[in-house]
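Residue numbers (the numbering used here), protein chains in the order written: chain A, 1 to 312; chain B, 1 to 312; chain C, 1 to 312; chain D, 1 to 312; chain E, 1 to 312. The beta-carbon is built from N, C-alpha and C at its ideal position, and this holds for glycine as well. One structure below.
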Amino acid sequence: MRITAPVLEVLSWYDGERPGVKANLSRLLMHGITGGTGRLLILPVDQGFEHGPAASFAPNPAGYDPRYHFELAIDAEVSALAAPLGFLTAGADRYAGAVPLILKANNANGLGSVKDEAITATVRDALELGCSAIGYTIYPGSDRQYDMFEEVRAGAAEAKANGLVVVIWAYPRGGALSHEGETAVDVVAYGAQIAAQLGAHIIKVKPPAAHIETAQAQLACQAAGYDFARLEARVAHVLEAAFAGRRLVVFSGGPAKDVEAVYAEVSAIAAGGGHGSIVGRNTFQRPRDEALAMLGRIAAIHIGASATRSAS
Amino acid sequence: MRITAPVLEVLSWYDGERPGVKANLSRLLMHGITGGTGRLLILPVDQGFEHGPAASFAPNPAGYDPRYHFELAIDAEVSALAAPLGFLTAGADRYAGAVPLILKANNANGLGSVKDEAITATVRDALELGCSAIGYTIYPGSDRQYDMFEEVRAGAAEAKANGLVVVIWAYPRGGALSHEGETAVDVVAYGAQIAAQLGAHIIKVKPPAAHIETAQAQLACQAAGYDFARLEARVAHVLEAAFAGRRLVVFSGGPAKDVEAVYAEVSAIAAGGGHGSIVGRNTFQRPRDEALAMLGRIAAIHIGASATRSAS
Amino acid sequence: MRITAPVLEVLSWYDGERPGVKANLSRLLMHGITGGTGRLLILPVDQGFEHGPAASFAPNPAGYDPRYHFELAIDAEVSALAAPLGFLTAGADRYAGAVPLILKANNANGLGSVKDEAITATVRDALELGCSAIGYTIYPGSDRQYDMFEEVRAGAAEAKANGLVVVIWAYPRGGALSHEGETAVDVVAYGAQIAAQLGAHIIKVKPPAAHIETAQAQLACQAAGYDFARLEARVAHVLEAAFAGRRLVVFSGGPAKDVEAVYAEVSAIAAGGGHGSIVGRNTFQRPRDEALAMLGRIAAIHIGASATRSAS
Amino acid sequence: MRITAPVLEVLSWYDGERPGVKANLSRLLMHGITGGTGRLLILPVDQGFEHGPAASFAPNPAGYDPRYHFELAIDAEVSALAAPLGFLTAGADRYAGAVPLILKANNANGLGSVKDEAITATVRDALELGCSAIGYTIYPGSDRQYDMFEEVRAGAAEAKANGLVVVIWAYPRGGALSHEGETAVDVVAYGAQIAAQLGAHIIKVKPPAAHIETAQAQLACQAAGYDFARLEARVAHVLEAAFAGRRLVVFSGGPAKDVEAVYAEVSAIAAGGGHGSIVGRNTFQRPRDEALAMLGRIAAIHIGASATRSAS
Amino acid sequence: MRITAPVLEVLSWYDGERPGVKANLSRLLMHGITGGTGRLLILPVDQGFEHGPAASFAPNPAGYDPRYHFELAIDAEVSALAAPLGFLTAGADRYAGAVPLILKANNANGLGSVKDEAITATVRDALELGCSAIGYTIYPGSDRQYDMFEEVRAGAAEAKANGLVVVIWAYPRGGALSHEGETAVDVVAYGAQIAAQLGAHIIKVKPPAAHIETAQAQLACQAAGYDFARLEARVAHVLEAAFAGRRLVVFSGGPAKDVEAVYAEVSAIAAGGGHGSIVGRNTFQRPRDEALAMLGRIAAIHIGASATRSAS
């Protein structure tokens with residue numbers, strides 16, 4: 001398929017990046033059910049590492065098997081599958097070339113108390129496994145945040161020099177932030193800004209809540225007349241914070257929830273200009289048929305929003 | 001001897017690994033009394049470093065001599081002998097080629113209070129000593145866990161690039177974990193998952209207890225109807241957590257105990273699908289004849305379970 | 001599109017290669033008009049460097065512009081475009097992701113008298129430009145052949161370690177070879193064998209002539225009852241020499257010639273089991289419409305042969 | 001335009017630096033509206049990272065877009081635009097060569113509680129982006145100050161070896177300093193001295209307040225008869241502290257304030273011998289026309305002061 | 001001065017290059033008397049090394065002094081001064097920032113008989129000296145050509161990674177080439193093509209003569225109806241060979257000659273679409289006033305041609 005106009009538009013935001021980065025970006029944007037629309041649908045499966053195997057896979061035990069997720073990603077025709085080293089190693093050969101891969105290169109787990117992540121994979125690993133992108137989590141606000149930024153900086157620079165796309169999971173936490181503040185609209189937007197400043201090509205954030213955490217943002221938003229009552233408006237603000245919408249921002253689904261709640265949230269994200277969804281537990285913790293149906297429906301919402309935008 | 005069907009089946013789990021890794025893996029799986037069954041029986045002798053010489057070898061003073069263990073491993077026809085640098089150096093020449101070797105490349109001791117390990121050997125050492133594998137311990141949960149993961153990542157990547165098998169000893173401890181929690185079934189499974197995500201080919205864990213440590217796992221397991229009353233079921237869960245059983249998981253014997261208790265435990269491990277045993281103190285702290293008998297009996301249990309499985 | 005059965009069959013020939021190599025191989029095999037058939041149609045444009053600009057592009061002056069060839073490759077839906085560094089640099093950004101690229105990393109020219117090539121690009125260049133493969137020419141027989149083999153070996157090893165496909169242009173010449181001998185069937189087969197031995201994933205050769213150059217091959221072929229009267233049989237022998245047909249071998253078109261002669265040659269190549277065509281001057285020296293028609297026709301021949309084989 | 005006498009005078013202060021550093025310094029000093037006067041007018045846009053996106057850009061939402069600031073810098077004909085990696089990457093290609101760039105290579109944010117900065121970019125990044133200078137913030141007094149000095153030292157040394165100008169943002173804070181003390185005249189001067197000692201070519205400080213923080217400075221200034229009532233005198237003291245005025249010192253504007261207050265402050269800075277202004281929020285938080293007018297007026301003040309000095 | 005439309009047009013040819021390369025390219029194109037027209041006027045002074053001091057400078061002994069040439073370049077407002085390491089070192093500090101510099105990084109001399117050049121400077125030297133570009137000579141056709149290409153490849157890759165422009169002096173000679181053939185139109189075009197394929201941003205060639213050296217080109221040009229009687233047409237062909245005119249090609253002046261002959265030649269070059277002149281001996285071997293007049297006149301011819309082209 002020819003590179004479509006919406007994808008060429010997205011690629012134009014990344015002028016100055018190496019051609020290889022753009023080629024991999026176009027690979028993600030042209031693949032699968034959302035291919036060509038400028039929207040992304042990503043299946044992330046790092047929960048076994050981050051939350052533990054039973055908490056992640058007991059609801060649908062087929063998910064203990066990495067191959068299950070490769071096949072789910074292929075059958076649902078998502079844009080990409082994102083996972084840690086060991087997981088990707090367990091399927092990259094068998095399913096070579098079948099779905100774009102994002103190597104999640106740092107990881108934390110739920111057993112410790114230090115807010116940090118370990119670097120668990122390298123750019124060389126990503127190349128050997130045939131990945132199109134490499135991903136890192138940052139915790140803006142935490143006491144280890146600057147070390148994390150420096151690790152991500154080094155990895156991102158090497159990734160770009162080798163033509164890989166860089167994805168940053170921006171999860172503010174720790175420091176002066178309240179628990180509620182972790183998903184406050186100003187804080188999520190701040191996380192997106194930091195990810196963009198660190199050079200992310202794709203930014204993953206959580207859907208922002210209406211709460212405003214910091215006094216500075218409270219004042220500025222009030223003066224500017226922001227109304228954050230609706231998720232759509234909050235998403236639009238996060239997009240603003242990502243270089244006026246010229247960085248791809250995808251939104252996570254969070255803990256498993258009611259089906260209609262998922263669709264309502266995705267609709268608001270799409271209406272606010274979000275570039276896609278990255279949904280793990282809400283899909284793979286359901287039976288395969290339901291997961292496929294849900295991914296299809298989420299994709300349809302994003303595709304519809306993309307078409308509306310292009311038409312307007 | 002031809003590579004047997006059970007071993008070919010195991011090797012197929014590691015598609016995408018370099019041929020040299022598979023060759024060394026088949027070396028471990030085809031050697032000794034369990035050779036060809038897809039099961040492993042490993043003799044680990046790092047206790048002198050980890051617990052101190054008297055605590056380890058006073059019950060059977062012949063064990064102060066590394067050569068004793070080489071000869072025990074050879075005579076018992078175990079799959080491999082695993083030990084630290086100095087120990088292997090003391091026998092690798094004299095017994096060159098007689099038994100596959102696993103270089104245990106990081107070590108802790110009982111004198112300090114920091115939950116961490118030192119890197120005590122390199123991939124180059126392993127190659128120079130003629131080892132088939134290199135092994136690392138991780139302490140998921142501890143405050144140093146992320147540093148440990150990063151050290152293991154670096155070592156494992158180099159090992160694989162040189163065709164060596166990577167073994168990870170997954171011992172959760174520290175952080176928010178209670179002492180009892182260190183062997184809780186959810187925590188042992190979590191440790192196995194992390195080891196698999198870090199790219200281990202073989203994972204060593206402790207036999208899991210019925211206790212569930214984390215609230216998340218408690219909820220998920222209850223909802224899914226897990227019954228962890230029997231060790232067999234707990235072992236099966238740990239296997240699930242190791243990529244749906246497609247990573248080799250071997251179980252340690254723990255502190256020396258009653259002979260029949262050892263066999264009962266091994267039988268449950270084998271029945272749960274465990275891929276073998278890694279038994280040190282329970283054997284080498286007994287007189288040589290008893291140790292040989294015990295290793296033979298443990299091997300027989302695993303061989304029997306393997307045959308049953310193949311037949312079914 | 002799902003990876004098709006013929007492509008999975010081809011990928012199975014390369015077991016033991018890193019997953020990234022297979023992913024890039026599947027990219028070449030799944031792209032464009034021959035996508036999914038297990039056959040390749042490659043547009044090579046290194047003639048400006050190798051033969052000079054006027055000799056290459058004067059017949060169709062649009063071809064002086066690298067962008068012309070990118071667009072020809074895209075519009076003809078070939079499997080890949082192969083060209084030197086400067087040429088790819090002139091279009092890799094503008095056409096990022098639109099067609100798989102092969103970086104031709106060594107080059108000779110027609111001005112000198114030494115039979116050798118210069119390394120003109122690196123694996124890093126290939127990654128920065130978003131290429132799926134890197135290509136090298138070897139001149140088996142020439143006085144510099146062993147230096148060339150060593151350069152190719154180094155480049156190929158680095159390429160594979162970074163997940164790139166390796167293409168070798170095997171052009172025997174120099175040394176004891178007569179000019180006619182350069183395309184003798186035994187010599188072309190010998191060149192294919194050497195390329196396979198050097199680790200090529202894809203081998204490019206010239207259509208072999210009926211002439212047998214070496215006395216040894218003459219005797220052996222006679223004894224074995226080979227009949228090289230027809231091109232189809234000669235192609236089949238070259239395939240045999242490429243690891244019993246388990247390395248992809250594509251055949252060049254040579255100097256521009258009569259249209260029907262081109263198709264007849266391609267039909268014989270396809271009938272003999274050749275995996276595709278790599279046709280430059282015969283296409284780009286013709287007007288664009290004729291070139292598109294010709295590439296379409298060549299593709300159709302290969303697709304037809306592939307279907308016939310699968311059906312049988 | 002020929003290098004002017006005031007610029008040659010400034011360059012003479014940096015004898016012993018590599019020619020490339022001087023060439024880049026002259027680029028900054030010869031460019032834009034203040035070009036040739038020996039004065040600098042710099043537009044810094046790191047507030048999105050340092051203070052958060054809403055706090056920085058909500059007052060003038062056009063500023064969420066990095067391109068807005070590039071165009072503001074070009075249209076206002078400032079000496080240089082200073083910003084973090086991600087921001088510069090978003091415009092360096094599109095506006096290549098249009099305005100000198102300063103890569104702000106370390107950054108903090110407002111979410112955490114640790115007074116430190118992360119290294120977010122390298123000298124290689126600065127060269128790839130076509131920057132003339134690289135900039136670092138130091139926090140003299142903070143608990144992490146020595147680590148920061150060492151990071152800056154390493155970056156500065158590499159920058160100079162590659163012909164780049166080094167800018168240091170000297171912001172004393174933390175340790176024994178009171179909040180008021182951070183802008184005390186003795187402390188600002190001390191910060192300038194440390195920046196000069198670390199090898200800065202250009203030093204950025206805040207306008208110093210009349211407060212004297214340290215007892216030692218209090219005594220010494222009293223004895224020497226300093227009168228710090230007027231900003232002009234305080235600026236003159238900061239200049240003294242910057243190697244007797246032979247290091248370029250530019251003054252920030254701080255939080256947005258009343259227009260006339262800005263001009264009065266700049267006039268005092270110019271009268272005190274300050275080498276220019278680095279004004280972000282006071283300009284880009286206003287509508288574009290007002291920002292352009294303000295930058296023009298600030299430039300005019302500095303140009304006027306420069307002419308007066310030259311004439312005297 | 002704003003980047004002009006003709007310069008933006010030229011920069012657009014180099015999409016995919018790093019922003020720093022474009023910034024330095026715009027520096028060359030925006031500087032001096034031809035600044036903004038898309039044309040270049042370069043003063044090369046490597047003749048002392050290449051031809052010897054007396055042969056180069058005796059006609060105008062002021063030229064023995066490197067400073068003379070810096071001042072000539074500055075006063076004539078050329079686009080850039082190109083010279084070897086020692087020469088640039090002798091003026092880069094004194095004239096820092098006054099004129100863009102091109103470090104000529106390999107050199108030959110007239111004393112030896114081997115057609116080769118020595119690498120005499122590095123990318124690091126260029127950065128330390130504040131250069132905008134680095135230059136290399138290649139001798140396509142010579143027995144050492146492939147070694148030269150490999151040296152240039154390595155230098156060019158490093159230069160681009162550091163944001164420097166790469167200039168290649170393409171001087172075919174040696175091998176099968178006759179002396180007349182060195183400036184044959186097909187050979188000059190071939191040299192330009194090779195320089196472009198090696199990744200040159202700016203290519204320097206000699207004005208091509210009407211002679212056609214190679215049989216292949218003879219046939220192709222005849223068939224295509226080329227008429228090479230006039231220099232203008234020959235220049236146009238060389239431009240074609242430089243990626244359809246999308247690489248900057250500048251023409252040397254050759255040995256000193258009659259003033260009007262110089263202007264006539266430059267007029268033909270400009271009419272044929274040449275992007276500028278690189279004139280050494282014809283200027284600096286004349287008295288300073290005559291040199292300045294000549295450089296002004298050459299610039300005027302190129303500026304006029306540029307204006308005519310833009311208008312049409």
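Cβ of residue i within 8 Å of any chain G Cβ
{"i": "Pro140/A", "result": "Protein chains A, B, C, D and E are contained in the structure displayed, whereas chain G is not."}
One or two residues paired with residue i in a DSSP bridge
{"i": "Trp169/D", "result": "Thr137/D and Lys204/D"}
{"i": "Phe251/A", "result": "Val205/A and Ser277/A"}
{"i": "Ala83/D", "result": "Leu103/D"}
{"i": "Leu8/A", "result": "Leu8/A is not bridged to any residue."}
{"i": "Pro44/D", "result": "Ala82/D"}
Proximal chain D residues relative to residue i, where beta-carbon distance stays under 9 Å
{"i": "Glu71/E", "result": "What Glu71/E touches in chain D: nothing, since even the nearest Cβ is about 11 Å away."}
Cutoff 8 Å; reference residue i; Cβ partners in own chain excluding five residues on either side
{"i": "Ile119/B", "result": "Ala105, Asn106, Glu151 and Gly155"}
{"i": "Lys257/C", "result": "Asn282"}
Reference residue i; option with closest CA among the options
{"i": "Gly48/B", "options": "Leu40/B, Asn60/B, Ile42/B and Thr37/B", "result": "Asn60/B"}
{"i": "Gly52/E", "options": "Ala210/E, Gly112/E, Thr308/E and Ile212/E", "result": "Gly112/E"}
{"i": "Ser252/C", "options": "Thr34/C, Met148/C, Leu40/C and Gly110/C", "result": "Leu40/C"}
{"i": "Leu198/C", "options": "Ile303/C, Leu101/C, Met148/C and Pro208/C", "result": "Met148/C"}
{"i": "Ala264/C", "options": "His302/C, Arg27/C, Arg288/C and Ser178/C", "result": "His302/C"}
{"i": "Ile42/A", "options": "Val78/A, Val123/A and Ser56/A", "result": "Val78/A"}
{"i": "Thr340/A", "options": "Ala270/A, Ala209/A and Arg288/A", "result": "Summary: the structure shown does not reach residue 340/A, with chain A confined to residues 1 through 312, and so no result is reported for it."}
Interface residues of chain E facing residue i [CB-CB closer than 7 Å]
{"i": "Pro19/A", "result": "Gly16"}
{"i": "Pro84/C", "result": "Gln197"}
{"i": "Phe87/C", "result": "Gln197"}
Same chain, Cβ closer than 6 Å to residue i, five either side skipped, listed in chain order
{"i": "Pro44/A", "result": "Ala82, Ile278 and Gly280"}
Cross-chain neighbours of residue i in chain A, by beta carbon under 7 Å
{"i": "Phe149/B", "result": "Ala118 and Thr120"}
Under 8 Å from the C-beta of residue i: neighbouring residues of chain C
{"i": "Ser240/E", "result": "According to the sequence as given, residue 240/E is Glu; it is not Ser. Ordered by position in chain C, the residues that pass the 8 Å Cβ test against Glu240/E are Pro53, Phe57, Pro61 and Tyr64."}
Residues near residue i by beta carbon distance below 7 Å, same chain, minus five either side
{"i": "Ala192/D", "result": "Ala170, Ile203, Val205, Val238, Ala241, Ala242 and Val249"}
Chain-ordered neighbours of residue i on chain D, where CB pairs are closer than 7 Å
{"i": "Ile194/A", "result": "Phe49 and Asn109"}
Where residue i meets chain C, residues with beta-carbon distance less than 7 Å
{"i": "Ile3/A", "result": "Gly97 and Ala98"}
Contact set between residue i and chain D, taken where Cβ atoms lie within less than 8 Å
{"i": "Asp143/A", "result": "Gly112, Ser113 and Val114"}
Taking 8 Å as the threshold, find out whether the stretch 215-226 of chain E comes into contact with the stretch 238-251 of chain E through three or more Cβ pairs. Touching, no, given that fewer than three Cβ pairs across the two stretches are closer than 8 Å.
Decide if the stretch 63-71 of chain C is in contact with the stretch 18-35 of chain C; the criterion is three or more beta carbon pairs, one per stretch, under 8 Å apart. Output reads no: the stretch 18-35 of chain C does not touch the stretch 63-71 of chain C.
At a cut of 8 Å, does the stretch 171-183 of chain B reach the stretch 128-142 of chain A through at least three beta carbon pairs? The count of Cβ pairs closer than 8 Å, one atom from the stretch 171-183 of chain B and one from the stretch 128-142 of chain A, stays below three, leaving the stretches out of contact.
Are the stretch 70-90 of chain A and the stretch 124-135 of chain A in contact at 8 Å, needing three or more beta carbon pairs? Counting C-beta pairs closer than 8 Å gives three or more between the stretch 70-90 of chain A and the stretch 124-135 of chain A, which meets the contact rule.
Within 8 Å, do at least three Cβ pairs link the stretch 289-299 of chain A to the stretch 283-292 of chain B? At 8 Å Cβ cutoff, the stretches do not touch.
Stretch pair the stretch 92-102 of chain C + the stretch 19-34 of chain A: three plus CB contacts closer than 8 Å: A contact exists between the stretch 92-102 of chain C and the stretch 19-34 of chain A.
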